[in-house]
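As given, the protein sequences belong to chains A and B, one line each in that order.
For the working numbering, add 117 to where a residue sits in the first sequence, where the first one is 1.
For the working numbering, add 117 to where a residue sits in the second sequence, where the first one is 1.
Cβ atoms here follow ideal geometry from the backbone N, Cα and C, with glycine treated the same way.
Model, not experiment: these values are computed from the prediction.
Following: one structure in structure tokens, then a few remarks.
Number of protein chains: 2
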Amino acid sequence: MLSQTVEYALRAATYLATVPKQSRTVDQIAEVTHVPVAYLSKVLQQLVREEIVISRRGTGGGFMLARPPEKLRVLEIVQAVDPIERITTCPLGLAAHGKRLCPLHRRLDNALAEMERAFAASTLAEILAEPTKSVPLCNFPAAATCR
Amino acid sequence: MLSQTVEYALRAATYLATVPKQSRTVDQIAEVTHVPVAYLSKVLQQLVREEIVISRRGTGGGFMLARPPEKLRVLEIVQAVDPIERITTCPLGLAAHGKRLCPLHRRLDNALAEMERAFAASTLAEILAEPTKSVPLCNFPAAATCR
DNA sequence: GCATAACCGGATATTGACATCCGATTGAGG
DNA sequence: CCTCAATCGGATGTCAATATCCGGTTATGC
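The following block contains the structure:
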């Protein structure tokens, strides 16, 4: 339902949000987020192209959020790596009819719209600010307690 | 986001709902729904196993809804062919911690829950009953007007 | 009981998502 | 300007989703 790539991108972004304005190398991010390092590198490149993240090469380089966590919504990260494709025309491969969807596809598209809304509703900052008492599992920077 | 298989299963089920208690052959269903016939056959077999649809072999056989359209929810068809996998434990591959999700995965799972809710909200009967005036595109049995 | 209609199940492409590898490029620091 | 650290980009490998094919099985009707 949600692609691995989205999951990886969100983990990376969430981690970077815990150290805003600082950069981390692919290897560092991979270790904390448990994402295969080579693939994570590709995912981060996508985030760079979409200007979610900024990269710097060379010594002391790495990846850094392009904006403060308050200004980064989960939806933006999803759309950057694996966009939610809304249904805008009848998928039956029919040419000559307008933009109106049949009741079935209207409902499917509504469900997709719900997803978008849900993802647009949170920023990375909100995710990190959440109290999340009682064993903050999978939570950064408490990653050490997570294994 | 939604798999082809789900799309195909829903088209087939929606079509069968327009002729409840009657059976249609794979070829008939494939023609109306514009789904590749060989693959549709596999999808229908899945629906048979999940008791969404009943099959009969031999002359006059085919596929038929197992229940009246009022009793068939979109969600059931989705779950039959490509189940929505809710996030029940931290996906970071960590063994020794409970069932509690971190804020990030809590939100992702909430989005999945929204999808489930959206799909559970409609029955096939409701989809067919919708007024859908003004060129009922992609709509059965007006399939002829659809091409 | 034979011919025909239709689904069933297994074997086999094909395609895109996921993943790896490595040489090229860029930047920092002495 | 040389070395080292790090990303970048292209080539390649793997696997599950999609899709096809066909022989086997079951049911109908004569």
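Problem - Closer than 7 Å at the beta carbon, the chain A residues around T131 of chain B - result: As a first step, residue 131 of chain B is located in the second sequence; it is residue number 14 there, counting from the start. L221, listed in chain order.
Practice task
For A155 of chain B, count neighbouring Cβ atoms within 10 angstroms of its own Cβ and tell me buried if that reaches 16, exposed if not.
Solution key: Position 38 of the second sequence, counted from the first residue, corresponds to residue 155 of chain B. Exposed is the call here.
Practice task
Quick one: which residues of the segment 135 to 167 of chain A get their C-beta closer than 9 Å to a C-beta of chain B? List them in chain order.
Solution key: Listed by position, the residues of the segment 135 to 167 of chain A near chain B (Cβ gap below 9 Å) are T150 and H151.
Handout entry: Residues of its chain near L218 of chain A, where Cβ-Cβ distance is below 7 Å and the 5 sequence neighbours each way are ignored
Key = The residue you call residue 218 of chain A lines up with position 101 of the first sequence. Here the set comprises I204, C207 and D226.
Problem - Within 8 Å, strictly: CB atoms of V170 of chain B and V123 of chain B - result: Counting from one through the second sequence, the residue named residue 170 of chain B turns up at place 53. Counting from one through the second sequence, the residue named residue 123 of chain B turns up at place 6. Against a cut-off of 8 Å, the Cβ pair of V123 of chain B and V170 of chain B comes out as no contact.
Problem - Euclidean distance between Cα positions of G178 of chain B and S172 of chain B - result: By one-based count along the second sequence, residue 178 of chain B stands at place 61. By one-based count along the second sequence, residue 172 of chain B stands at place 55. Rounded to whole angstroms, G178 of chain B to S172 of chain B spans 7 Å at the Cα level.
Handout entry: The alpha helix (DSSP H) enclosing V123 of chain A, as first and last residue numbers
Key = For this step, residue 123 of chain A is matched to residue 6 along the first sequence. That run of the alpha helix (DSSP H) goes Q121 to T135.
Exercise for the section: For my contact list, E233 of chain B and L192 of chain B are in at a C-beta cut-off of 8 Å; report their separation, rounded to the angstrom. Expected result: Working through the second sequence from its first residue, we reach residue 233 of chain B at position 116. Working through the second sequence from its first residue, we reach residue 192 of chain B at position 75. Taking C-beta atoms under 8 Å as the contact rule, E233 of chain B and L192 of chain B qualify, at a distance of about 6 Å.
Exercise for the section: Determine, using beta carbons only, whether L209 of chain B comes closer than 8 Å to chain A. Expected result: One-based indexing of the second sequence puts residue 209 of chain B at position 92. So yes, L209 of chain B belongs to the interface.
Exercise for the section: Determine which residues share a DSSP beta bridge with R190 of chain B and list them. Expected result: Along the second sequence, read from residue 1 onward, the residue named residue 190 of chain B stands at position 73. Looking at the DSSP assignment, R190 of chain B forms a beta bridge with B:T240.
Practice task
Would you identify the three-state DSSP class for A246 of chain A, choosing helix, strand or coil?
Solution key: Reading the first sequence from its first residue, position 129 is the one you call residue 246 of chain A. DSSP places A246 of chain A in helix when its eight states are reduced to three.
Handout entry: Against chain B: residues of the segment 225 to 243 of chain A by CB proximity under 7 Å
Key = L225, N227, A228, L229, E231, M232, A235, F236 and S239
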